[in-house]
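Worksheet: one structure, shown below.
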Amino acid sequence: MKTLLRTLTQIPAPSGREDELRAAVQKMIQPYVDEIRVDALGNLIARKGPSIAKHSGQAALKNGKRIMLAAHLDEIGLIVSHVDSNGFARFSALGRLSPHRRVGARVKFLNGALGVIGLERDAEGKDRAPSLGKYFIDTGATSQKDSPVKIGDAAVYDSNFLDLGSRVASKCLDDRVGVALLIESLRNLKYSPHEIYYVFTVQEEVGGRGAGPAAYGLDPEIGLAVDVTIASDAPNTRAHNPIALGRGPAIKIKDAGVIADPRLVESLTRLAEKNRIPHQFEVIESIGADARAMQITGMGARAGGLAIPLRNLHSPSEMIDLRDAQDTGRLLAAFLTDSKVS
């Protein structure tokens, strides 16, 4: 898992620019799938397991469900909106960039150019977070002419992968950990009574745009998002929903966009208890995931999620506990092989 995460986090994939990462993931999973394709929006869709549509009525599929698993490829980033006469680049956000984690952050553009985010002097030291228009990127250029970037160039945070033993820190663990778990599930799953679609979605960070069209085409009965959730175990963190690193996956009950289907919550809880997998429950107001799009698209689906606790969300150094990821993988495997899932 650690090696896979290191590889995935170092491939840039800001929202709308997921091509390089999608190609890498497709190469990794190709030997383990029964069917694979990329849709018009750029979602990577892989099927593993029997096709219910083709084998309807066979005993092996009597209790089978069409399940869509979603983990998003994209990460937060930025895109150049203007380069001034002195070479400073202004930008628009791709996803929600935390205002408290921008200043001094290093960024890397998809064309290879590097830069540092700065803040106008008159905006420093204010109690209120400065507007995005107060920030700029310093690429070292001294004029617009010698700037290595132009309008429309996209960038992501530039940070190293930190190995902290049982924990790791890096940019974009939201949601490369979910991507890694789906890859490992594809590699390890030998049999399931279900028709499973592994969907590596695009543009989640800008409103869950990829999951909806994918769900419309697949028409799943069950949709499960594998993503991260905010850990509240750091100093002076509000613990309205106490989620901690090292205590297992969080079974989604509610987030900003979805109320999870109670039957799905019950199934995941039952399987966690049966297999002695440590677990928590997520009720959160501030973030959402692809579960919402799966729940309300087309005729709708029973939707929920598994979330890996994470600190420093949307920063250059997000942190997870690898044991939580491993336990999430165990629970996901139990779910996909259970014929009683509802």
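Under this note's numbering, the residue at position 93 of the sequence shown is numbered 87, and the numbers go up by one with no gaps.
We put the beta carbon where it would ideally sit given N, CA and C, even for glycine.
Query: CB contact flag (residue 124, residue 70, <9 Å); Result: no
Query: Exposure label - residue 336; buried when at least 16 CB within 10 Å; Result: exposed
Query: Neighbourhood of residue 174 by C-beta distance below 8 Å, restricted to the same chain and skipping five residues each side; Result: -5, -2, -1, 2, 319
Query: Cβ-Cβ distance between residue 75 and residue 84 below 9 Å; Result: yes
Query: Residues sharing a beta bridge with residue 320, DSSP; Result: For residue 320, which the question treats as bridged, DSSP gives no partner whatsoever.
Query: Reduced DSSP secondary structure (H/G/I, E/B, other) of residue 192; Result: strand
Query: Beta-carbon gap between residue 192 and residue 300 smaller than 9 Å; Result: no
Query: Own chain residues within Cβ distance below 8 Å of residue 308, not counting five before or after; Result: 70, 89, 90, 91, 92, 95, 168
Query: Spatial distance of residue 57 from residue 98 (CA atoms); Result: 54 Å
Query: Where the beta strand (DSSP E) containing residue 24 begins and where it ends; Result: No beta strand (DSSP E) holds residue 24; DSSP gives it neither H nor E.
Query: Presumed contact (8 Å Cβ cut-off) between residue 194 and residue 148, rounded CB distance; Result: Between residue 148 and residue 194 the Cβ distance is about 19 Å, and since that is not below 8 Å, they are no contact.
Query: Coarse secondary structure for residue 288, derived from DSSP in three states; Result: helix
Query: Span of the beta strand (DSSP E) around residue 132; Result: 129 to 132
Query: Member of 317, 81, 207 whose CA lies at the smallest distance from the CA of residue 38; Result: 207
Query: Beta-carbon spacing of residue 251, residue 282 below 9 Å; Result: yes
Query: Supposed close pair residue 295, residue 215 - CB separation, criterion 8 Å; Result: 6 Å
Query: For residue 206, the first and last residue of its enclosing alpha helix (DSSP H); Result: 205 to 212
Query: Residues near residue 289 in its chain [Cβ-Cβ closer than 7 Å; skip 5 each side]; Result: 217, 252, 295, 297
Query: Between the CA atoms of residue 264 and residue 270 - distance to the nearest angstrom; Result: 10 Å
Query: Pairwise C-alpha distance: residue 310 and residue 5; Result: 14 Å
Query: Endpoints, the alpha helix (DSSP H) within which residue 171 is located; Result: 167 to 182
Query: Sub-9 Å separation of residue 278 and residue 248 beta-carbons; Result: yes
Query: Own chain, CB closer than 7 Å to residue 317, minus 5 neighbours either side, in chain order; Result: 160, 240
Query: N-terminal and C-terminal residue of the alpha helix (DSSP H) that residue 256 is part of; Result: 256 to 268
Query: Span separating the alpha-carbon of residue 273 from that of residue 267; Result: 9 Å
Query: Coarse secondary structure for residue 14, derived from DSSP in three states; Result: helix
Query: Identified DSSP bridge partners for residue 98; Result: Paired residues: none, contrary to the question.
Query: Residues bridged to residue 227 [DSSP beta-bridge criterion]; Result: Paired residues: none, contrary to the question.
Query: Unbroken alpha helix (DSSP H) run spanning residue 122, endpoints; Result: Element bounds for residue 122: n/a, residue is neither H nor E.
Query: Distance between residue 42 and residue 132 (C-alpha atoms, nearest Å); Result: 46 Å
Query: Coarse secondary structure for residue 42, derived from DSSP in three states; Result: strand
Query: Assigned secondary structure, residue 116 (DSSP; H/G/I helix, E/B strand, else coil); Result: helix
Query: N-terminal and C-terminal residue of the beta strand (DSSP E) that residue 90 is part of; Result: Taken as a continuous stretch (DSSP letters only), residue 90 belongs to no beta strand (DSSP E), as it is neither H nor E.
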